[in-house]
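Working notes for the structure below.
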Ligand code: BTN
């Protein structure tokens with residue numbers, strides 16, 4: 013049944029009208045089954061128009077994710093090494109990679125829709141179909157890299173640099189793992205780590221990037237989308253560029269740590285110099301953000317001096 017939705021989305025992806033009758037014939041199901049699945053897709057957030065006498069169409073044509081196209085567009089260095097899988101709908105791309113054996117890494121998993129997308133601090137990552145990117149990259153380090161707590165920050169830099177390659181220069185980074193633009197969240201990174209120091213260890217790096225969000229979506233915070241920042245690149249080329257940049261970053265980080273990425277992070281740091289509120293389990297603290305330390309900690313100037321915060325402990329809210 014889920015596969016039927018994927019097939020339906022594939023037929024509608026061209027943005028043209030398809031009659032219920034022709035879809036039913038192509039997919040080998042009844043017209044009412046087509047109607048039922050169209051409704052289910054629309055319920056997930058896919059913008060499908062239904063016009064009596066003409067049929068169904070997507071509000072915008074959609075370049076669906078295609079593992080072969082992504083692999084072909086990867087930098088040569090990763091084309092043979094990185095396993096790539098793309099699905100229409102699954103629970104969570106990161107959960108899928110977590111189930112793979114070490115021998116299958118490095119590997120990437122992408123999806124058009126996630127039914128149980130995971131965000132930081134146990135939150136849900138709302139993952140409607142229709143053009144966003146949900147991708148995860150599984151990686152194995154032979155030994156724990158230096159500055160390990162800063163790995164997510166370096167990943168943010170890699171994502172921004174891949175976007176800049178398409179002329180999308182604007183996104184900034186909000187400590188620890190948010191991509192932001194125009195006052196809203198554009199994307200987020202989630203790092204899931206297993207293994208003990210000194211290693212080996214596995215990292216699953218998940219990226220949710222808003223390309224084109226459904227208009228009326230509610231995700232619990234201000235958001236923006238890449239379409240608001242400039243012409244959108246093809247999704248498969250963009251996915252390949254992001255994966256290539258993340259693989260190159262992980263390769264460098266394994267031995268060099270955060271140092272090669274720190275300057276670029278600071279140039280994109282949207283908190284530096286601003287008053288921020290840090291919320292920890294112990295309560296709220298307000299101070300002025302001083303940038304990041306060499307190990308990726310957020311430096312905050314408080315009334316009694318400098319204090320450092322580490323990813324996972326805190327959330328940050330701009331207060332001025
Ligand atoms: C955040 O809370 O800001 C991080 C969100 C990370 C979401 C991505 S979407 C792809 C990958 N799969 C998941 O279940 N989560 C990450």
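Numbering (the numbering used here), first residue to last: 13 to 332. Beta carbons: idealized from backbone N, C-alpha and C, even for Gly.
Relative to the C-alpha of residue i, which candidate in the options has its C-alpha closest?
i: residue 201; options: 231, 212, 245, 148; result: 148
i: residue 75; options: 250, 304, 255; result: 250
i: residue 104; options: 94, 135, 194; result: 135
i: residue 27; options: 185, 54, 68; result: 68
i: residue 197; options: 186, 204, 205; result: 186
i: residue 293; options: 133, 277, 140; result: 133
i: residue 72; options: 152, 79, 19, 58; result: 58
i: residue 297; options: 307, 316, 308; result: 316
i: residue 150; options: 138, 203, 184, 158; result: 203
i: residue 141; options: 114, 97, 223, 214; result: 223
i: residue 122; options: 153, 92, 80; result: 80
i: residue 237; options: 271, 199, 230, 259; result: 199
i: residue 288; options: 19, 30, 299, 64; result: 299
i: residue 145; options: 210, 119, 174, 247; result: 247
i: residue 211; options: 42, 60, 195, 152; result: 152
i: residue 304; options: 273, 89, 115; result: 273
i: residue 98; options: 55, 120, 319; result: 120
i: residue 125; options: 180, 277, 226; result: 226
i: residue 277; options: 261, 96, 256; result: 261
i: residue 78; options: 94, 309, 100, 257; result: 100
i: residue 170; options: 255, 182, 96; result: 255
i: residue 50; options: 64, 65, 32, 182; result: 32
i: residue 156; options: 172, 181, 209; result: 209
i: residue 309; options: 302, 301, 320; result: 320
i: residue 9; options: 312, 302, 143; result: What the structure shows of the chain is the stretch from 13 to 332, and residue 9 is not part of that stretch, so it cannot be assessed.
i: residue 206; options: 154, 183, 173, 176; result: 154
i: residue 111; options: 214, 36, 52; result: 214
i: residue 21; options: 96, 172, 53; result: 53
When DSSP builds the beta bridges, which residues end up paired with residue i?
i: residue 30; result: 68
i: residue 273; result: Answer is none; residue 273 lacks a bridge partner.
i: residue 59; result: Looking at the DSSP assignment, residue 59 forms no beta bridge with any residue, so it has no partner.
i: residue 2; result: Only positions 13 to 332 of the chain appear in this structure, which leaves residue 2 out of reach.
i: residue 136; result: 130
i: residue 318; result: 313
i: residue 123; result: 99, 146
i: residue 281; result: 185
From the DSSP output, in three-state form, read off residue i for me.
i: residue 194; result: coil
i: residue 106; result: helix
i: residue 101; result: strand
i: residue 171; result: helix
i: residue 232; result: coil
i: residue 78; result: coil
i: residue 159; result: coil
i: residue 117; result: coil
i: residue 148; result: strand
i: residue 252; result: helix
i: residue 84; result: helix
i: residue 335; result: Examination of residue 335 is not possible in this model, given that the chain is present from 13 through 332 alone.
i: residue 307; result: coil
i: residue 35; result: helix
i: residue 202; result: strand
i: residue 257; result: helix
i: residue 164; result: helix
i: residue 178; result: coil
i: residue 43; result: helix
i: residue 17; result: helix
i: residue 23; result: helix
i: residue 94; result: coil
Kindly say whether residue i, judged by its beta-carbon, lies nearer than 9 Å to any beta-carbon of chain C.
i: residue 118; result: In the structure shown, chain C does not exist; there is a single protein chain.
Let me have the residue list for the ligand BTN: C-beta closer than 5 Å to any non-hydrogen atom, ordered along the chain.
104, 105, 106, 129, 130, 131, 132, 137, 146, 148, 200, 202, 218, 220
Would the region 160-168 and the region 259-274 be scored as touching if the rule is three or more Cβ pairs under 8 Å?
yes
Are three or more beta carbon pairs between the region 203-220 and the region 275-289 nearer than 8 Å?
no
Kindly confirm or deny that the region 236-253 and the region 80-90 touch, where touching means at least three C-beta pairs closer than 8 Å.
yes
Can at least three beta-carbon pairs, one atom from the region 173-192 and one from the region 105-117, be found at a separation below 8 Å?
no
Sufficient close CB pairs (3 or more, under 8 Å) joining the region 15-23 to the region 33-41:
yes
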